[in-house]
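K.L.:
The structure is given below, and queries will be raised subsequently.
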């Protein structure tokens with residue numbers, strides 16, 4: 024029955040990966056202090072994905088594991104992606120037709136108040152008027 | 003009524019109701035034809051290939067690739083056609099014309115409130131002019147509700163803290179049923195109202211007549227329409243206690259104490275219904291009525307006071 | 030192998046102590062314990078359904094108050110969905126049949142299997158405890174903010190659903206591993222019985238979707254008791270987001286409910302037509318495809334909720350992608366009978382009834398998927414009828430077929446065939462009488478979850494209530510003759526239906542505690558009747574346990 | 476492993492044909508379980524992403540209240556625990572009982588450290604009224620930070636998500652500590668060897684996943 028010996032990761036390799044993970048953690052904390060404009064979020068996520076991949080591939084030994092397990096893990100991630108992206112299809116496009124408004128009533132009130140405090144005369148926003 | 007309708011769908015009373023119906027009937031008849039075909043084939047095979055010889059072991063049938071693909075391709079084309087058609091109608095149903103007459107609709111447990119730009123508010127009846135697009139800007143003051151007029155084929159959820167809207171253009175005058183179709187509590191099924199479709203002239207005169215100032219008791223009587231679901235004025239017990247003749251009496255409460263029914267108590271019961279609950283009743287009255295203006299509250303108190 | 034032992038020792042009689050049942054690791058006994066628990070849940074949910082139908086015989090108060098009605102329909106739904114339909118076929122028949130059909134001695138993790146039974150019982154008890162606390166209305170969908178504003182009963186129901194979710198996950202996980210790792214030699218994926226394929230697809234959905242109802246229930250719970258503001262609009266939360274969370278599980282969950290039914294129907298069609306199931310590969314793989322696509326369409330429950338039109342359009346389009354493989358499945362089941370040798374025993378009657386009711390459920394599903402039509406039909410009785418045609422007309426009718434089919438193997442006794450046919454007729458007639466009128470009144474505008482209604486709908490409601498009585502009569506008749514068969518039923522043969530799957534050809538009736546006396550070696554597909562002509566050569570019932578298929 | 480079947484080792488359950496089959500089945504079961512864990516957390520990630528896309532500035536502002544140093548420290552603590560678990564499995568495969576036990580104990584201690592740091596983070600927030608839910612009412616000044624500045628609309632959502640996410644994660648850490656206690660006792664009894672170390676392997680997989688979740692929580696909540 025037995026076809027292959029179980030893979031044994033060497034201490035050296037595990038140590039190198041651990042070192043890399045610590046390095047990436049320090050890197051993500053430091054880069055987050057810089058103002059990179061729109062790049063901060065993608066960079067932090069890229070580092071997180073790299074770290075997670077190292078843990079999955081080496082520490083969890085998925086590289087040497089049965090392929091089925093990799094497929095299972097991949098399917099799990101795929102469905103997280105489905106959950107996120109399909110929900111965003113709604114929340115990012117809320118109010119794209121006139122049957123719903125984009126913002127909440129609370130947001131509109133806040134906006135009105137902000138306008139009023141800045142320029143009392145400009146606050147003639149009708150209650151019924153829904154900003155599109 | 004006018005919306006009893008024929009078999010299956012009620013009569014179409016809005017401009018796009020006919021389009022929805024055409025689509026409905028197309029899918030309905032296509033489905034019926036396919037369904038009858040499947041059932042007929044099933045019944046035929048059942049009897050034609052009935053086991054007559056216990057030893058018979060039929061050989062597998064070689065599947066025809068052409069037939070298999072036809073089963074996939076034809077329905078795919080059919081549903082794509084239906085999808086595009088449905089999408090087209092949906093877009094128009096959800097895009098109100100810019101010149102539509104606007105009415106603000108508020109849903110609350112368990113009443114509808116229709117507020118017109120002219121400062122008029124109604125509760126059990128929504129008047130709209132015929133042949134003119136009407137857009138309802140809706141929100142809920144407590145939980146989810148859903149505004150549904152079968153005759154117009156419109157439906158839209160009312161979400162608290164958010165405006166949603168429907169629009170329609172009525173094609174005939176008459177009265178049509180409004181339902182709440184999102185479950186909203188004890189009296190969900192009683193959260194009904196009517197759309198009254200009238201001619202442009204009638205609508206104009208109705209709105210002028212309504213916008214005059216009313217004496218407090220009459221204003222209260224009008225507002226009471228939204229209370230009448232739970233509170234009777236003829237002594238019968240509904241979801242809540244009857245309100246006639248209670249002014250000035252002592253009311254027993256669930257905590258064993260009793261309280262004098264005066265203006266303050268009535269007002270408190272409207273604003274904070276859960277604090278003092280009449281004996282024998284559940285504390286289910288919603289707090290959603292606290293949003294009324296002081297003038298409206300005064301009117302309501304005056305009306306309840308006047309009930310004998 | 031000693032032949033003498035095989036006839037006497039079986040999983041039912043080898044140890045009769047109560048402890049040996051309650052602590053059993055045997056998948057067959059666990060299956061039976063599930064059968065009893067699930068039947069009780071069905072009975073409880075059914076009684077509530079009857080009460081709801083009686084209340085609706087006339088407008089206004091008939092037998093109960095609005096609050097009692099609202100709680101009845103809510104509890105009816107919660108019990109039927111979470112404690113009955115979801116575990117019914119996978120946990121009862123999956124448990125009993127799956128290891129037998131793949132030639133395994135047990136599921137991969139027997140202890141986990143027993144644990145998941147007790148977790149299920151615990152969850153069901155917690156959910157029912159809500160009855161004592163009261164005020165659990167709002168329907169099984171728990172939409173916020175209503176659900177967070179009503180009484181504490183919701184605490185028990187959400188906790189119960191949360192707990193039962195673990196049971197469902199563990200069962201699914203167990204089955205996936207079992208199918209992957211425990212198949213008998215020679216049982217390739219192309220030879221698997223279609224019941225296994227469908228249970229496998231179901232298990233995938235159970236594992237992927239159920240955790241999300243867990244987190245949803247947890248958040249709902251925190252929303253109610255800590256006001257965390259994720260779903261409650263009064264605090265800046267978004268109730269529509271709750272609906273996304275809820276339907277991400279609950280739409281795939283309807284595939285947890287219907288996919289196993291597909292498997293049963295495939296087995297019944299093949300066996301009773303004594304014919305290769307038409308389009309085997311398509312039927313097998315489409316179950317898995319439907320399971321995956323089932324995750325991409327949840328938003329079709331939300332066309333009028335206020336979600337963006339963009340997402341409505343995408344969800345509507347993908348909904349059709351599921352309709353097509355499902356439709357082709359129906360055609361394949363029908364064409365399995367073509368040039369077959371059809372025997373109309375009770376289980377097959379249920380399969381035939383299924384084709385009728387499920388097709389109606391499917392076609393009306395297409396209607397509800399059309400954006401413009403759904404706006405009119407949404408939240409009306411049309412949806413109620415569609416749902417019951419798929420769930421009851423699909424799952425329950427198929428489950429009854431499966432129960433009759435495997436009853437001789439499970440108990441070793443035959444039921445009364447004549448009563449079986451009468452009951453099948455009653456169930457079919459009663460079911461259609463109950464739910465078909467609901468399509469019409471729904472299309473006319475009768476909203477769902479209504480305690481009171483306008484008098485013009487009374488005729489339909491009356492028909493529906495009468496139908497529910499016929500349906501109940503049929504179900505009680507089944508209960509009666511099945512119980513009677515335990516006492517005075519004819520002893521069942523090894524393979525009374527002449528099936529080719531391993532539970533019929535390689536085990537005794539009832540099966541041995543370890544299922545197989547020697548590991549079966551499989552050399553043909555589950556429906557390759559033409560390769561097994563020798564089994565049927567005498568025209569007698571197949572009565573010998575085969576030790577290898579050639 | 477090859478001759479495991481013939482001499483039928485004690486750990487082999489009757490319904491499996493071989494140790495190999497049992498090991499593969501257990502491991503596959505574990506991976507499936509990990510997928511359910513990922514899906515469980517995905518709900519919180521969805522809530523986070525939705526509210527972040529709606530109110531990016533509120534989330535960026537609220538995140539300032541969290542201390543990236545503490546979060547970073549905890550990240551390294553968890554990474555170290557992942558490392559020791561991997562080492563533990565390495566030693567189990569090499570039949571080195573001592574190495575296995577030491578690494579399991581180290582893992583347990585790292586997990587404990589993580590929770591202690593978390594405890595200090597939580598209490599520092601609670602002191603200033605930063606609670607999940609209804610009690611949310613940031614006030615007071617400490618270390619030059621005026622908490623009242625964070626009492627803005629939708630900050631409640633950020634902190635609710637923060638507490639629920641880290642709370643569920645912390646619960647998983649707690650469960651992990653229980654598992655490692657159990658595994659350490661079994662290891663001390665000498666139950667594991669290169670021929671049978673499935674529970675160590677599976678607990679390790681679970682622990683790595685807890686680590687991975689944190690790898691994502693850290694930048695999402697503390698940094699961006």
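Protein chains in written order, with the working numbering: chain A, 24 to 155; chain U, 3 to 310; chain R, 30 to 579; chain F, 476 to 699. In this text, a Cβ means the ideal position worked out from N, Cα and C, and glycines have one as well.
1. Go through its chain and collect everything with a Cβ distance to residue 567 of chain F's Cβ below 6 Å, but skip five positions before and after it.
2. Could you work out which residue in U:48, U:277, U:107 and U:202 is closest to residue 362 of chain R when comparing CA atoms only?
3. Only counting the same chain, and skipping five residues up and downstream in sequence, which positions put a Cβ closer than 8 Å to that of residue 455 of chain R?
4. Would residue 710 of chain F and residue 503 of chain F be called neighbours here (beta carbons separated by less than 7 Å)?
5. Spell out a yes or no on whether the segment 19-26 of chain U and the segment 338-355 of chain R are touching, meaning 3 or more CB-CB pairs, one atom from each, closer than 8 Å.
6. Can you confirm whether residue 137 of chain R, when its beta carbon is compared against all beta carbons of chain F, has any partner nearer than 7 Å?
7. Can you name the residues that DSSP bridges to residue 266 of chain U?
8. In angstroms, rounded to a whole number, what distance separates the CA positions of residue 606 of chain F and residue 9 of chain U?
9. Look at the Cβ atom of residue 507 of chain F, then the Cβ atom of residue 95 of chain A, and state whether they are nearer than 7 Å.
10. For the segment 229-245 of chain R, which residues have a CB atom closer than 8 Å to at least one CB atom of chain F, in sequence order?
11. Is the shortest distance between the beta-carbon of residue 273 of chain R and the beta-carbons of chain A less than 7 Å?
12. Can you tell me which of the three DSSP states residue 108 of chain U falls into?
13. For a contact defined as C-beta to C-beta under 8 Å, what are the partners of residue 120 of chain A on chain U?
14. For residue 490 of chain R, report the span of its alpha helix (DSSP H) as first-last.
15. State the beta-bridge partners of residue 159 of chain U as determined by DSSP.
16. Does DSSP put residue 605 of chain F in a helix, a strand or coil?
17. Beta-carbon of residue 95 of chain A versus every beta-carbon of chain F: anything under 7 Å?
18. Span of the alpha helix (DSSP H) holding residue 170 of chain U?
19. Would you please verify whether the beta carbon of residue 621 of chain F is less than 7 Å from any beta carbon of chain R?
20. Taking all protein chains shown into account, decide if residue 76 of chain A is buried (16 or more other Cβ within 10 angstroms of its Cβ) or exposed.
21. Please confirm whether residue 561 of chain F has its beta-carbon closer than 7 Å to some beta-carbon of chain A.
22. Residue 128 of chain A CB to nearest chain F CB: under 7 Å?
23. List the residues that DSSP assigns as beta-bridge partners of residue 621 of chain F.
24. Please report whether the beta-carbon of residue 20 of chain R lies at a distance below 7 Å from any beta-carbon of chain U.
25. So, does the segment 247-263 of chain R touch the segment 178-193 of chain R, judging by three or more C-beta pairs under 8 Å?
26. Could you list the residues in the segment 198-215 of chain R with a C-beta less than 7 Å from some C-beta on chain F, going in chain order?
27. Taking only the alpha-carbon atoms, compute the straight-line gap between residue 481 of chain R and residue 100 of chain R and give it to the nearest angstrom.
28. Could you check what DSSP says for residue 298 of chain U in three-state terms: helix, strand or coil?
29. Less than 6 Å separating the Cβ of residue 484 of chain F from some heavy atom of the ligand ZN?
30. By the 9 Å beta-carbon criterion, what residues does the segment 494-505 of chain F contribute toward chain R?
31. Just tell me which of R:66, R:81 and R:110 has its CA closest to the CA of residue 278 of chain R.
32. In this structure, does DSSP put residue 140 of chain U in helix, strand or coil?
33. What does a CB cutoff of less than 6 Å around residue 138 of chain R pick up in its chain, not counting 5 residues either side in sequence?
34. What does residue 157 of chain U reach in chain R if we use C-beta pairs closer than 8 Å?
35. Is the CB of residue 164 of chain U under 7 Å away from at least one CB in chain B?
36. Jot down the residue ranges of each uninterrupted beta strand (DSSP E) in the segment 184-246 of chain U, minimum 3 residues, whole runs only, in chain order.
P.N.:
In short, the structure shows the following:
1. 575, 667, 672 and 675
2. U:48
3. 499, 500, 502, 503 and 506
4. As shown, chain F starts at 476 and ends at 699. That puts residue 710 of chain F outside it, with no answer to give.
5. no
6. yes
7. Note: residue 266 of chain U sits in no beta bridge, so no partner.
8. 57 Å
9. yes
10. 236, 237, 238, 239, 240, 241, 243, 244 and 245
11. yes
12. strand
13. 93, 96 and 97
14. 487-517
15. U:148
16. coil
17. yes
18. No alpha helix (DSSP H) holds residue 170 of chain U; the beta strand (DSSP E) holding it covers 166-170.
19. no
20. exposed
21. yes
22. no
23. F:616
24. Since the displayed chain R opens at 30 and closes at 579, residue 20 of chain R lies outside it and no answer follows.
25. yes
26. 198, 202, 205, 206, 209 and 210
27. 14 Å
28. helix
29. The ligand ZN is absent from the structure shown, which contains no ligand whatsoever.
30. 496, 497, 499, 500, 501, 503 and 504
31. R:110
32. strand
33. 203
34. 333, 404, 405, 407 and 408
35. Structure shown: chain B not included; protein chains present are A, U, R and F.
36. 195-200
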